[in-house]
RNA sequence: GGGUCUAUGGCGCAGCCAGGUAGCGCACCGGACUUUUAAUCCGGUUGUCAAGGGUCCGAAUCCCUUUAGACCCGCCA
């Protein structure tokens, strides 16, 4: 067997970082600072896929640092993009009039940020903060206002004919053979996309445009008819996506950017533009698949099925998100909140491997698992293992105890010997599992068929439970009541499970009833008598 | 039209990207415990890794071909 040399911590992140380094060396570029970038998207509610782009870029940054290089993550908000569609659930804000305007020029419908775009970006940044990702924030609107891309825009527009042909050749889109890949924001109506750029006056660095009706999605958007000129260094406007990345990569000196397969074509064009037009080698890439919802549909920013970091964190720890995003990058994945319990236990398992409590025979796999654990802890793993409590067990307990949940579940865990002392982390876990159980384990009141004898027995049980005298052995009492009333104990127990738990089986019923509380159970049962 | 991904026990999936004993959950079977059922614990059964070819001492894993399904792009970002 040929011994494989293991790079860094043995994960795909390390492999990617090392590919990047080799490429940089081959290109002979300066490696004093290796910038990685993630685009944020500010036109819709940011879902976990957008978060993933930044989290993974951050992983590469960590890997580069681990290999001894300096690195930095730029989180770039595309807030000069126009609003194309009103996101699901935001119909009541009257955003219709703002369609096609840059999202940074639309007022925040919630009133808490300077614009619609900043509101959306902030949700994502908040998510990044919550999982511990550090970044350098930049905005498209500032980038263009400060003219940071003006040299690149100039070069691109001078070569627009060549670029237009190449776009047509590479991806079959013919639009840019006719129009410039630049969208001015119409000074009259504040819209882009409607302002079509027809000519570039290179000497003055100005773009001639006219604002007219255009189709966005399936809807027509009215232009205002304004005809004007836009100064690429001063006036608001932006490059089309097919060329914008290249300009940004060059201007910001970006060496790595991951991308989702939906923008594959754009990246292909941008790589060419960077290399051939701007004479600056494009950054190293990795392509990832989109997260799909359980039905196999793409999770879209503007459809209602959004899994945001914030929602996820109601049920799972920040580490469960990082694990999801770092465990692998390839492959299409269907994602739902029901993946959380699994990821929570998987993290515990990784921790056990890391601290040597679980043996892994394959050396390469051991290193990879340990490495993954370190990345999930952002290369700052804890000195000692945390106390593990099975998430599913917590869900079960949370289902039973709805009032004073934290306290009572904690007591049960101590009784079971799962934990030795109450810890704040455990309390947090109980809260997460409790939220999950509240949200997804909605207990529907099921129809239970009861004949008269069963009802009579049930009634006796309710009386017994409501009685003041101590029931030393509830289990025994139930059994006796069943026998004394010609009900098969087996059937009687089944009825009780159905009423109390909504299933035909469950834990041993006597202690279980005293856990929930006799009176509570009596009340529930009495509804069926 | 162009592109990407997926295919692994009855079901749902992991493992594949850096080749070395095919795994997990559910289901199923047995045991322990139980005054019933179960929970729980312990043990066990279940596989032509879609099909075919190639590389290799060795392939679920890498390469090629085929089949089936899903998704993305061909507005815009």
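In this note's numbering, the protein residues as written are 44 to 572. For each residue, glycine too, the CB sits at the ideal point set by N, CA and C.
Helix, strand or coil for residue i per DSSP?
{"i": "residue 493", "result": "coil"}
{"i": "residue 325", "result": "coil"}
{"i": "residue 46", "result": "Since pLDDT at residue 46 reaches only 39, below the 50 mark, its modelled position is unreliable, and the value read off the structure follows with that caveat. Three-state DSSP puts residue 46 in coil, outside helix and strand."}
{"i": "residue 341", "result": "Note on residue 341: pLDDT 49, under 50, position unreliable in the model; no value is reported."}
{"i": "residue 386", "result": "helix"}
{"i": "residue 444", "result": "coil"}
{"i": "residue 278", "result": "coil"}
{"i": "residue 567", "result": "helix"}
{"i": "residue 488", "result": "Confidence at residue 488 is low in this model, with a pLDDT of 49, below 50, so its placement is unreliable and no value can be given for it."}
{"i": "residue 331", "result": "strand"}
{"i": "residue 293", "result": "helix"}
{"i": "residue 86", "result": "coil"}
{"i": "residue 257", "result": "strand"}
{"i": "residue 235", "result": "coil"}
{"i": "residue 346", "result": "Legend: pLDDT at residue 346 = 40, less than 50; position of this residue unreliable, no value from coordinates given."}
{"i": "residue 150", "result": "coil"}
{"i": "residue 222", "result": "coil"}
{"i": "residue 125", "result": "strand"}
{"i": "residue 140", "result": "helix"}
Give the C-beta separation of residue i and residue j to the nearest angstrom, bearing in mind that I take them to be a contact with Cβ-Cβ under 8 Å.
{"i": "residue 394", "j": "residue 416", "result": "6 Å"}
{"i": "residue 110", "j": "residue 79", "result": "The pair is not a contact, with the Cβ atoms about 13 Å apart (cut-off 8 Å)."}
{"i": "residue 369", "j": "residue 418", "result": "5 Å"}
{"i": "residue 407", "j": "residue 170", "result": "Residue 407 to residue 170, Cβ: 33 Å. No contact."}
{"i": "residue 328", "j": "residue 301", "result": "7 Å"}
{"i": "residue 94", "j": "residue 352", "result": "5 Å"}
{"i": "residue 245", "j": "residue 227", "result": "Between residue 227 and residue 245 the Cβ distance is about 16 Å, and since that is not below 8 Å, they are no contact."}
{"i": "residue 113", "j": "residue 77", "result": "7 Å"}
{"i": "residue 56", "j": "residue 106", "result": "5 Å"}
{"i": "residue 567", "j": "residue 543", "result": "6 Å"}
{"i": "residue 517", "j": "residue 503", "result": "Actually they are not in contact, since the Cβ atoms of residue 517 and residue 503 sit about 13 Å apart, beyond 8 Å."}
{"i": "residue 187", "j": "residue 281", "result": "6 Å"}
{"i": "residue 441", "j": "residue 476", "result": "5 Å"}
{"i": "residue 376", "j": "residue 332", "result": "7 Å"}
{"i": "residue 208", "j": "residue 220", "result": "6 Å"}
{"i": "residue 497", "j": "residue 530", "result": "6 Å"}
{"i": "residue 470", "j": "residue 449", "result": "6 Å"}
Residue i: buried (16+ other C-beta within 10 angstroms of its C-beta) or exposed?
{"i": "residue 500", "result": "buried"}
{"i": "residue 320", "result": "buried"}
{"i": "residue 130", "result": "buried"}
{"i": "residue 400", "result": "exposed"}
{"i": "residue 494", "result": "exposed"}
{"i": "residue 473", "result": "buried"}
{"i": "residue 75", "result": "exposed"}
{"i": "residue 70", "result": "exposed"}
{"i": "residue 153", "result": "exposed"}
{"i": "residue 241", "result": "exposed"}
{"i": "residue 287", "result": "buried"}
{"i": "residue 510", "result": "exposed"}
{"i": "residue 527", "result": "exposed"}
{"i": "residue 414", "result": "buried"}
{"i": "residue 423", "result": "exposed"}
{"i": "residue 217", "result": "exposed"}
{"i": "residue 67", "result": "buried"}
{"i": "residue 541", "result": "buried"}
{"i": "residue 411", "result": "buried"}
{"i": "residue 519", "result": "exposed"}
{"i": "residue 104", "result": "buried"}
{"i": "residue 132", "result": "exposed"}
{"i": "residue 575", "result": "The requested residue 575 does not occur in the structure, where the chain is confined to residues 44 to 572."}
{"i": "residue 374", "result": "exposed"}
Are the beta-carbon atoms belonging to residue i and residue j less than 8 Å from one another?
{"i": "residue 200", "j": "residue 125", "result": "no"}
{"i": "residue 259", "j": "residue 149", "result": "no"}
{"i": "residue 335", "j": "residue 378", "result": "yes"}
{"i": "residue 119", "j": "residue 181", "result": "yes"}
{"i": "residue 163", "j": "residue 89", "result": "yes"}
{"i": "residue 147", "j": "residue 122", "result": "yes"}
{"i": "residue 367", "j": "residue 386", "result": "yes"}
{"i": "residue 224", "j": "residue 285", "result": "yes"}
{"i": "residue 144", "j": "residue 275", "result": "no"}
{"i": "residue 174", "j": "residue 361", "result": "yes"}
{"i": "residue 330", "j": "residue 304", "result": "yes"}
{"i": "residue 167", "j": "residue 63", "result": "no"}
{"i": "residue 640", "j": "residue 468", "result": "Because the chain is modelled from 44 through 572, residue 640 falls outside the range shown and cannot be assessed."}
Do three or more CB pairs link the region 193-211 to the region 310-320 at distances below 8 Å? yes
Between the region 292-302 and the region 257-276, can you find at least three pairs of beta-carbon atoms closer than 8 Å? Contact between the region 257-276 and the region 292-302 is absent, because fewer than three Cβ pairs lie under 8 Å.
On the three-pair Cβ rule with 8 Å, is the region 303-315 touching the region 211-219? yes
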